[in-house]
Structure formats: structure tokens, C-alpha cells
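Visitor:
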Amino acid sequence: MIGSAAAVTLPGGRVALYAGLLSIVALVYGRGIDDPFHFDDMHSIVHNTNLRSLADVPRYFVDPGTFSVDSTLTMYRPLLLTTYAVNFAVSGTQAWSYHAVNIFVHGAVVIAVFEVLLLLLGSPAAAALGALLFGVHPVHSEAVYYVSSRSESLAALFVLVALFLHLSQPMSRRALVAAGAVAAFAAGLLTKSTAIVFLPLVLLLDVLIQPDRWRQRWKQHATYAVVAAGYLAFIADLLRRATLSAPVRSYSEQLGSQVKSVVYYLHLLAIPRALSVDHQFQLSEGVDRYSGSALLLLGSVLAVAFIWRSSRPLLLLLALWFLLALAPASVVPLNVIVNEHRIYLSGFAVAAGGAWLSVDASRPAARTARRGLWVVVLVFALLAMLRGGTWDSAESLWLDAVRKGPDMARPRFILGDLWSRQGRTADAAAVLEKGLQRDPDFAPGYRFLTEVYLQTADLEAATATARRGVERLAREADLWALLAEVSRARALEGSTAIWFERSASAYDEALSLDPAVTAYHDNIGNTLQELQRPHEALPHHLRAVELDPTSAASRLNLGNALWMLGRYRECEAAYLTAVEIHPRYAEAWLNLAALYEQNGAVDRAAAARVRARAAASEAEGR
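Pasting the structure below:
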């Protein structure tokens, strides 16, 4: 049933209804207003200097590199970044305004769900019930409590608004409303690429729900397609890198695992228990008995819905909606197989299904369904509020993940890293060791654990851990560099040449695997200087400067090697370049002063020492 939502009279009016829906959302999720930032929030918000000024907003629309402080995490989400920039203008790196926006966006989505359901079902009571079911569902709590998941809720909002405008176009304002639908779709794409699902969803709605009108709308469908094609062309390189250049798993593994995940998501929507930021989910290598069973189940559901399409087109619509909304995450191999925020838009299908069961209050079955759904809404609201407690801190979040996924390695690594930074070294070492037992091929785990042992000055354990890493993962340059760092620390502790030799040897291995890392060249050069081999050190320092001409530290290291070689003019030039790059570099000024004193330039030495003291004092003040 499709009609004009504006033509439906609502008891108390729309404003009162909207206020009621927003109030319920705020009541359920309001406790999250004081939650901290979590996980991806750190690189994309807290440390992202691109968000510091609203003047940078235009850059978001042309430079995917603005998404994160991590240059490897390029994503094109300019509207999302714009909301972050506004948040930063309001509260800086205080999280409360970010959480407030997340709650408001979710409330707006709930209102949009209501309006779309009202168009589809024609019953305000059923539409309101479906909207509440969506709004308080515990599985959506991640999209509200986790700031970075705003990408999912905001994109879903634009998709639903676009669908609403498309479906409700009045004859008198058709052109204006149609333009609004196109704009909303474009806004969704500029928020997150998953909004591309609008295109098949709108075709599905027109074919199944408005079969008499869909052929008349080919121009509008073509406009949507042009917008989608332009967007895909713009982000083609990003997509290619994600799916072809460096996929995290094979496509056979992706297919088998994602087929299972669809059924798993249905389970979470029906019975939202064991919710976690990191679900324990077994990877499938192709189609096994589990993924095969899941495929059979999904095929059966679709077959039944297809058979009933004439009498109950809404069932087929909702079944396909659920699958289509999950398609982007299923196609692109992502690091984590299952995430609760990925079923945000898919959750509309389940909420709509529940609302559909309660449409006709004159039928006893519908009345029973309505009463039952109200109980479900109350229970879900309570569970969503309780779920919010796990997001109160990073520790509670990842302890919860460890408890619910005892065979998972990643939550243990993250928890161990957290405890390490808190100074809880014994706890950190224990949980990291368990993490490596479960996943001995996770390279960063060896670094986390090694750094814990270095914190406690247990150099034997640090060496053993770094050695385990390179023995297990001999092709990981970073692990060889880690072993080199530990060996150098042991050399500096005991001033024994053998450990400097071992450090240099490990850096050689790292450079053979990745010769373009500035730090590796700098560090092996410094180690060779400790071994009184400046002739061997010099090429590495020259290469470090070549790789990063803006590094003051590399210039300082180069100057030190040149000094050892007696090339004082070149040494002076290197030191002067270092302080030109970094005028408050106290160590470089001190070395420059020492060089001048050695060469009898007393006045210049004194001036350099004054600059060194000023730089050191300023550093202490900060």
C-alpha cells in the first residue's frame, strides 16, 4: 500500500509524535553522552588534524586522505568528516557533542523509518510500533554509542529520506520532491559508500510496490544511476585497492563467510544476545557445510517470499531489502567479518516485518502481535540501555569482548595494549601472551608484548619475544626492526659490542624486506657509529635524508657520522639544516655548539648554547 504520508492524520499531530520518538531514543541512549572515544575514533577524530578548522571542509570533498591521521586509511566520506569538524568546533576532543549528534541522528532515522513505514503500511500505529522496534533494538546500540559508526546511521538516514521522497512525490510538487530525492541519495554517497544500495532498493520498491508507476519514472531512475556512476568513477581507485590490490581474504573465503554471516545477523536481530564489539565468528574457506546450510536456508526463505509475491509483495520486498542492505559489506573483503553496525539499514526490514504483522487491529492475530511487539520493545529498550554500560570505557568494552569471545585474539591484543599504556604491565603481559597463543601470526602482538617487557626492564623476556616473532614471521620487516631495537637496548645497557652487532644484523634483515623506511636507515646508521664504523653508517644516513628531507633527526644523525669522519664543514651544514627544520631542537644546537668549540669558534659556540638552553627550557615548560 502506497499513499501520501502527508495525507494521513495522526492523533496529536506529527510534531508531537516526532518529539515522542526522539525523547524515547534520548532516554534509551542518553547515558552514552559521557562515553569516551573508542578504537577507530582515535585516528579518524581525536588525532586527525584535518578536523581542526572548518576552513578545511572543502578539502574533504577532493582528498580522501583527510579521513584519518593514518595515511593508509584513505576513505571518501566528506559529509561525515564535515559533521566531525562541526563537532570539533563545538567541543574539541571532548566526546559529549559527538555522542549527542549520534543520538540525534539515530532519532532522525527512527522518524524516517516511521514515515517510510507509514507509506508502505498506511497504519500510523503499526508504523510507530515498527519505528520504536528499530529505535530501541539493542543491535543498533553500536551505531549510537560508537562515534565512528555515525557513518552507518547518517548514510541510512539519507537513504531513507531519499526513499521517502521518491515514494511520496505529490503531483503538484513532483519536480521539487524528485530533486530532493536525488540530493538525499547524493548526500548518502558522500557520507558512506554503502548508500549505493539506494539504487537497487528504489527499483525494488517501484517494481513490487508501485508496479503501475515504475515505468513512468525511468528518467528519475536514470538520474539516480548517473549519480551512482559518477560517484563510483570518483572512488574507483579506492575500491580497486580494497577489493583487488590488497584484499584481506580470498573471495572464496569471503563468499562462504558472508553467507553464514547473513544468517548470524538474522539471529542477532531476532535474539540480540552476546552482543560484542568483536564477535567470535569462524571464517569459512569457501562453501562448507555451515555456509551451505545457510545458503539453503536463505534460498528457501526467498523462494517462499517469491511464491507469495502476488498476494504479499511486502514480504519479498523486506527479504530482498535485508540482503541488499548487507551487500556492500559482503562484497568488499573487510578486516572484521561481522560487525553489528553493518546491519543498521538491514534492521529496517525486520522492524517493518514486525509492524506488518500488527497492521490490522481488527484481526485477533494482529492484536496479539501488537501486544507482543510492545513487550519486545520494552525488553529491547532495557537491553539497549544495559548494553550502553559496556561502552563506558575502553576497558569495559574489550573485557566484554574477551569474555564473550574466549577464543578471539584481537580483543586480548587491544586490551593488553590498553593495560600497558596504563602501567598495568603484569596484566598486559598475561593477556597478550594468551592473545599470541590464539593467533601466533598477528605481528603487532609481538611488538605489544615486547614493549611491555621493555617497560619492566625485562630485557631477556623482550629479546625472547622479539625472537619468537621473527622465527614465526620471518617476512615481517617490522619484527626484525623490533628485534634490532631490543638488541640495541641491551647493548646500551651493557655497552657490549656483540649486541650492537646483533642489532645491526637485524636492521639489515629489516632493510632487505623494506628498504624504504627512514627509521631503519637512521637506526642502523646510529648502531654502526656505536661500533666505530662511520664509513658504513654514512650511506644509511644519506639515504634517510633522501627518503625524508624534512626530518631534523635524520640531519642530526648525518652530522654525527660526518663529524666522526672528520668532515667538519659538511657536519656543520647538516646541523644547521636540522635547526632550520626544527629551530627548537636542543640536541642539534648542543652538537653545533660542541663542533664550534672544537674548531675554536667560541662566540658561535656560546650563541648555539644559548639557543640550546632556550629550546630545552621551552620543552620543559610544555
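Each residue of the sequence shown is one higher than the last, beginning at 83 in our numbering. Built from N, CA and C at the ideal position, the CB exists for glycine as well.
(1) Evaluate contact between the region 672-688 and the region 649-661, counting only Cβ atoms and requiring at least three cross-stretch pairs below 8 Å.
(2) Tell me whether Gly470 is buried or exposed, calling it buried when 16 or more other Cβ atoms sit within 10 Å of its Cβ.
(3) Can you tell me whether Pro597 is buried or exposed, with buried defined as 16 or more other CB within 10 angstroms of its CB?
(4) Would Leu674 and Ala690 qualify as a contact pair, given that the criterion is a beta-carbon distance under 7 Å?
(5) Is there contact here, the region 608-617 with the region 569-585, by at least three beta-carbon pairs under 8 Å?
(6) Nearest to Leu541 by alpha carbon, out of Leu350, Leu271 and Leu565?
(7) How about Ala237 and Gly189: do their beta carbons lie closer than 7 Å?
(8) Among Trp480, Lys486 and Ile353, which has the Cα closest to the Cα of Leu500?
(9) Have a look at Val264 and Leu202 and give me their C-alpha separation to the nearest angstrom.
(10) So Val279 and Val241 are in contact, right, with Cβ under 8 Å, and what is the actual spacing, rounded?
(11) Which of the three DSSP states is assigned to Leu272 in this structure?
(12) So which of Val359, Ala687 and Val552 has the shortest CA-CA distance to Asp122?
(13) By a C-beta neighbour count over all protein chains shown, 10 Å radius and 16 as the cutoff for buried, is Asp685 buried or exposed?
(14) So, helix, strand or coil for Glu558, using DSSP?
(15) Rounded C-beta distance between Tyr142 and Pro160? I'm assuming under 8 Å.
(16) One question on the structure: do Val420 and His361 come within less than 7 Å of each other, judged by their Cβ atoms?
(17) Can the beta-carbon of Leu239 be found closer than 7 Å to that of Val289?
(18) Suppose you measure from the CA of Ala167 to the CA of His219; what does that come to, to the nearest Å?
(19) Let me check understanding here. Comparing Cα to Cα, which of Gly102, Ile115, Tyr100 and Leu397 lies closest to Met467?
(20) Please specify which runs of the alpha helix (DSSP H), each continuous and at least 4 residues long, are wholly inside the region 100-176, giving them in chain order.
(21) Do the region 303-318 and the region 433-443 touch if we need at least three Cβ pairs shorter than 8 Å?
(22) Can you round the beta-carbon distance between Leu399 and Phe388 to whole angstroms, since I take them to be within the 8 Å contact cut?
(23) Within the region 559-621, note down every full beta strand (DSSP E) run reaching 3 residues or more, in order along the chain.
(24) Indicate whether the contact test is met: 3 or more Cβ pairs, each with one atom in the region 501-515 and one in the region 146-153, closer than 8 Å.
(25) On the DSSP letters alone, give me the boundaries of the alpha helix (DSSP H) that Arg649 sits inside.
(26) Are the region 122-131 and the region 99-114 in contact at 8 Å, needing three or more beta carbon pairs?
(27) Decide if Glu224 is buried, meaning its Cβ has at least 16 other Cβ atoms within 10 Å, or exposed.
(28) Beta-carbon within less than 8 Å of Ala586's beta-carbon, same chain only, minus the 5 sequence neighbours each way: which residues are those?
(29) Inspect the CB distances between the region 448-463 and the region 226-236 and report whether three or more fall short of 8 Å.
Guide: Considering the structure as presented:
(1) Counting Cβ pairs under 8 Å, three or more are found: they touch.
(2) Buried, since its Cβ has 16 or more Cβ neighbours within 10 Å.
(3) The residue in question, Pro597, is exposed, as its Cβ has fewer than 16 Cβ neighbours within 10 Å.
(4) One thing to note: Leu674 has its Cβ within 7 Å of the Cβ of Ala690.
(5) When Cβ pairs closer than 8 Å are counted between the two stretches, the region 608-617 is seen to touch the region 569-585, the count reaching three or more.
(6) Sorting Leu350, Leu271 and Leu565 by C-alpha distance to the C-alpha of Leu541 places Leu565 at the top.
(7) By the CB criterion at 7 Å, Ala237 and Gly189 fall outside the cutoff.
(8) The candidate whose alpha carbon is nearest that of Leu500 is Trp480.
(9) Roughly 20 Å separates the two Cα atoms.
(10) Indeed, because the Cβ distance is near 7 Å, the residues count as touching under 8 Å.
(11) When secondary structure is reduced to three states using DSSP, Leu272 falls in the coil class, being assigned neither helix nor strand.
(12) Ranking Val359, Ala687 and Val552 by Cα distance to Asp122 puts Val359 first.
(13) Around the beta carbon of Asp685, fewer than 16 other beta carbons sit within 10 angstroms, so the residue counts as exposed.
(14) When secondary structure is reduced to three states using DSSP, Glu558 falls in the coil class, being assigned neither helix nor strand.
(15) Yes, they are in contact, since the Cβ atoms of Tyr142 and Pro160 sit about 4 Å apart, within 8 Å.
(16) Their beta carbons are under 7 Å apart, which means Val420 touches His361 by this criterion.
(17) Taking C-beta atoms as the reference points, Leu239 and Val289 fail to come closer than 7 Å.
(18) Rounded to the nearest angstrom, the two C-alpha atoms are 29 Å apart.
(19) Out of Gly102, Ile115, Tyr100 and Leu397, the CA that lies nearest to the CA of Met467 is found in Ile115.
(20) Qualifying alpha helix (DSSP H) stretches, in chain order: 139-142 and 160-173.
(21) They do not touch, by the three-pair rule.
(22) About 11 Å; that fails the 8 Å criterion.
(23) Qualifying beta strand (DSSP E) stretches: none in this window.
(24) Segments in contact, no.
(25) Per DSSP, Arg649 belongs to no alpha helix (DSSP H) and is neither H nor E.
(26) Per the Cβ contact rule, the region 122-131 is not in contact with the region 99-114 (fewer than 3 Cβ pairs under 8 Å).
(27) Counting Cβ neighbours within 10 Å, Glu224 comes out buried, since at least 16 surround it.
(28) In its chain, beyond the 5 residues on either side, Ala566, Ile606, Thr609, Leu610 and Leu613 have a beta carbon closer than 8 Å to the beta carbon of Ala586.
(29) Contact fails between the region 448-463 and the region 226-236, because fewer than three Cβ pairs, one in each stretch, are under 8 Å apart.
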